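Trainee: Everything in the sequence shown is counted per this note's numbering, starting at 179 for the first residue and increasing by one.
Glycine included, C-beta positions come from ideal geometry on N, C-alpha and C.
All figures in this text were calculated on a predicted structure; none of them were measured in a lab.
Mind looking over this structure? Questions follow.
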Amino acid sequence: EAATHPSIPFAVFKPTGIGSMDLLVRVEQRLPLSAAEEQAFARVKKRFENLCTHAANKDVRIMVDAEESWFQDTVDALVTEQMMKYNKNKALIFNTVQMYRHDRLDYIQRSYEHAQKNGYHLGIKLVRGAYLEKENKHAAERGQPSPINPSKEATDKLYDGALKFCVEHIDRIALCAGTHNEESAKLLTTLMQDNQIAAGDKRIHLAQLLGMSDNLSFNLAAKEYNVAKYVPYGTVNELLPYLTRRAQENSSVLGQTSRELKLLNSEMRRRGLKS
179 EAATHPSIPF AVFKPTGIGS MDLLVRVEQR LPLSAAEEQA FARVKKRFEN LCTHAANKDV
239 RIMVDAEESW FQDTVDALVT EQMMKYNKNK ALIFNTVQMY RHDRLDYIQR SYEHAQKNGY
299 HLGIKLVRGA YLEKENKHAA ERGQPSPINP SKEATDKLYD GALKFCVEHI DRIALCAGTH
359 NEESAKLLTT LMQDNQIAAG DKRIHLAQLL GMSDNLSFNL AAKEYNVAKY VPYGTVNELL
419 PYLTRRAQEN SSVLGQTSRE LKLLNSEMRR RGLKS
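As structure tokens, this is what we get:
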């Protein structure tokens, strides 16, 4: 549908939507695979390729969602393979990078070097991260150091550092900044201005969840920045935990949630929907 609707800038899929998590973990850990598992992983790779091929043939950008750290390297390898194939002239295939992981800025820098060396464009969607409690629990249960930053401030610093790196290397990187954080959005617009990048440059998008931070989305769009609203799709049982986590993540931005609520109430009164 994105191919025929210019207002839909990205298609999205989640790797565990096309392959078993258990299988991806076994591949990540380099465990011996049975013949059936080998065939199953071949099917996962083929599905990955089919989705990316279809998107590229339609000239549609496609984003691959991030997963948990203990099999993200396998996902990264699958995405990189498709980037090398279809991102020769511009970024159509995008990987999602969760900046609450303390190693992710280094990963982006290494990915940029790989893209430069191999002649393709790097598509990056930056997010802060979706599985914090799960990641910490997984590491603690195994007596391993957590892959997660020690504080929200550390994550904010890495996220903003990644924004800066991507904008300063826009010759080879296309960026989608997934954020509800006004300060990060402001930083990105400032970086674009400082680097003489037009607000509507197709290599840079900002994205928020549908129904969250609409005040941020509308104000950015009014200034002609490329804005996308991310639309979660699935059953209520599947989506409620996801949306709850996003709401909690959004509420951690100091003062922002109460301000958004005031704006929503004000707009409802303006429309006569509330006294």
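If I'm right that Glu-313 touches Ile-326 with Cβ under 8 Å, what's the distance once you round it to whole angstroms?
Mentor: With 8 Å as the limit, Glu-313 and Ile-326 qualify as a contact, their Cβ atoms being about 5 Å apart.
Trainee: Would you call the CB atoms of Tyr-298 and Lys-266 closer than 7 Å?
Mentor: Inclusion of Tyr-298 and Lys-266 in the CB contact set at 7 Å is warranted, their separation being smaller than that value.
Trainee: Could you tell me whether the segment 416-424 touches the segment 392-400, where touching means 3 or more Cβ pairs closer than 8 Å?
Mentor: Verdict: no, contact absent.
Trainee: From Glu-216 to Ala-318, what distance separates their C-alpha atoms?
Mentor: 31 Å
Trainee: Determine the contact status of Arg-306 and Tyr-285, defining contact as a CB-CB distance below 7 Å.
Mentor: no
Trainee: Along the chain, where does the beta strand (DSSP E) that runs through Arg-306 open and close?
Mentor: Careful: Arg-306 lies outside any beta strand (DSSP E) and carries neither H nor E.
Trainee: The beta strand (DSSP E) spanning Val-257 covers which residue range?
Mentor: Segment 250-264 is the alpha helix (DSSP H) holding Val-257; no beta strand (DSSP E) there.
Trainee: Using C-beta distances below 6 Å, list every residue in its chain close to Val-238, excluding the 5 sequence neighbours before and after it, in chain order.
Mentor: Ala-180, Ala-181 and Ala-189
Trainee: In the DSSP assignment, find the beta strand (DSSP E) that holds Lys-407 and state where it starts and stops.
Mentor: Where Lys-407 is concerned, the enclosing beta strand (DSSP E) stretches over 405-408.
Trainee: So, under 8 Å CB-CB, Leu-201 and Phe-226 are touching, yes? Tell me the CB distance rounded to an integer number of Å.
Mentor: That belief does not hold up - the Cβ atoms of Leu-201 and Phe-226 are roughly 13 Å apart, past 8 Å.
Trainee: Would you kindly work out how many angstroms separate the C-alpha atoms of Glu-445 and Gly-389, rounded to a whole number?
Mentor: Per the coordinates, the alpha-carbon of Glu-445 lies some 14 Å from the alpha-carbon of Gly-389.
Trainee: Would you grab the beta carbon distance between Val-205 and Thr-258 for me? Rounded to a whole angstrom, and I think it's under 8 Å.
Mentor: 15 Å between Cβ atoms; not a contact.
Trainee: What residues are listed by DSSP as bridge partners for His-383?
Mentor: Cys-354
Trainee: Does the distance from the CB of Pro-323 to the CB of Glu-245 come in under 7 Å?
Mentor: In this structure, Glu-245 does not lie closer than 7 Å to Pro-323 by Cβ.
Trainee: List the endpoints of the continuous alpha helix (DSSP H) containing Gln-276.
Mentor: Gln-276 -> not in any alpha helix (DSSP H); beta strand (DSSP E) instead, spanning 271-276.
Trainee: Could you check where the alpha helix (DSSP H) with Val-238 kicks off and where it finishes?
Mentor: Looking at the DSSP string, Val-238 is not in any alpha helix (DSSP H), and its letter there is neither H nor E.
Trainee: Taking only three categories from DSSP, how would you classify Arg-208?
Mentor: coil
Trainee: Just verifying my parser: in three-state terms, what is the DSSP assignment at Arg-282?
Mentor: helix
Trainee: Rounded to whole angstroms, what is the Cα-Cα separation between Lys-335 and Gln-371?
Mentor: 20 Å
Trainee: Mind reading off the beta-carbon distance from Leu-166 to Ala-233? Whole number of angstroms is fine, and I expect it under 8 Å.
Mentor: One cannot answer for residue 166 here, as it falls past the ends of the chain, which runs 179 to 453.
Trainee: The alpha helix (DSSP H) with Ala-189 in it runs from where to where?
Mentor: Counting along the chain, Ala-189 falls outside any alpha helix (DSSP H), though it belongs to the beta strand (DSSP E) covering 188-191.
Trainee: Alpha carbons only, please: which of Arg-282, Gly-301 and Arg-350 is nearest the one belonging to Lys-295?
Mentor: Arg-350
Trainee: In chain order, which continuous runs of the beta strand (DSSP E) of length 3 or greater are located wholly inside the segment 306-374?
Mentor: List check, beta strand (DSSP E) in window: 351-356.
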